[in-house]
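>
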Amino acid sequence: MYNKLQYISQGESVEEQLFNIHQALDNGCDWIQMRFKHQKPKKALALAEAVKFLCDEYLANFIINDDVHLAEKINADGVHLGLSDMKVAEARAILGKTKIIGATANTFEDIIRQVNNGCDYIGLGPFQHTKTKDNLSPLLGLDGYLSIIAKMKESQVNIPVYAIGGITLGDVNTLIKTGIHGIAVSGIITKSDNKQELITQLNEKLYGNVIV
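Position in the sequence shown counted from 1, then plus 669, gives you my numbering.
Structure representation (structure tokens):
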């Protein structure tokens, strides 16, 4: 089963991104999603190659946000696709059956469509307001997760769901009780002054106080 804590990378330069990713890995995060928007292909490739090396060293999962062809080129573990990115089925044709393909959803209907197209997990959000992403979909809040996951159970839709969007340490226990599999976070880790303590606490909450 997939790791429950996913770090979505931040940083305006290759150096910033690499520093933040290395810090997350070094302090106990074992799933990295590289998000490096609106960059020249050479920079994105340089970063992806460096992150692939790091993730191999730390035995961490490494997926790339949006860029299916880059994921194929460096043999990443997979991709995460937003609602307006390449279709899941098209990405699957390029990457093959063994790669992880995550897909964004904001509604139950989004989830059904993405699952039918063959994704491996869902990033469901946003939970609450976040400065990390522009053009946010409607905020779900706790009630949104409860409603959507109840509909999934009724319809016997069984796929790992990651909550995303402005999640804090204090939100995790309540979110886990809704039935989500895990969380995908960025700013909370990037900005933390004590990443080791934070990531340990997040993992303890996500895994039910079992140290991972």
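Ideal placement from N, C-alpha and C gives every residue a C-beta, glycine not left out.
Helix, strand or coil for leucine 811 per DSSP?
Reduced to three states, the DSSP call for leucine 811 is helix.
> In the DSSP output, what is valine 830 paired with across the bridge?
The partner list for valine 830 (beta bridge, DSSP) reads Ile791.
> For glutamine 918 and alanine 745, what's the separation of their Cα atoms in angstroms?
No information on residue 918 is available, as it lies outside the stretch 670 to 881 that the chain covers here.
> Can you tell which of Cys724, Arg704, Ala819, Phe796 has the C-alpha that lies nearest to the C-alpha of threonine 837?
Of the candidates Cys724, Arg704, Ala819, Phe796, the one whose C-alpha sits nearest the C-alpha of threonine 837 is Phe796.
> Would you mind giving the Cβ-Cβ distance between cysteine 875 and isoleucine 852, rounded to the nearest angstrom? I have them listed as a contact below 8 Å.
Rather than cysteine, the amino acid found at residue 875 in this sequence is leucine. The pair is a contact, with the Cβ atoms about 7 Å apart (cut-off 8 Å).
> Taking buried to mean at least 16 other C-beta atoms within 10 Å of its own C-beta, is phenylalanine 729 buried or exposed?
Checking the sequence shown, residue 729 turns out to be alanine, not phenylalanine. Buried.
> With DSSP as the reference, label alanine 713 as helix, strand or coil.
Alanine 713 falls in the helix class under three-state DSSP.
> Please look up how many angstroms separate the CB atoms of alanine 713 and phenylalanine 722, rounded, as I've assumed it's under 8 Å.
Not confirmed; about 15 Å, so no contact.
> Roughly how many whole angstroms lie between the Cα atoms of glutamine 783 and asparagine 775?
Distance between the alpha carbons of glutamine 783 and asparagine 775: 11 Å.
> Does the distance from the C-beta atom of glycine 787 to that of alanine 758 stay below 8 Å?
It is a contact, given that the beta carbons lie within the stated cut-off.
> Can you tell me whether serine 753 is buried or exposed? The criterion is at least 16 other CB atoms within 10 Å of its CB, across all chains shown.
The residue in question, serine 753, is exposed, as its Cβ has fewer than 16 Cβ neighbours within 10 Å.
> Please report the distance separating the alpha-carbon of phenylalanine 731 from that of tyrosine 671.
Rounded to the nearest angstrom, the two C-alpha atoms are 12 Å apart.
> From the DSSP output, which residues share a beta bridge with isoleucine 733?
Partner(s): Met703, Val748.
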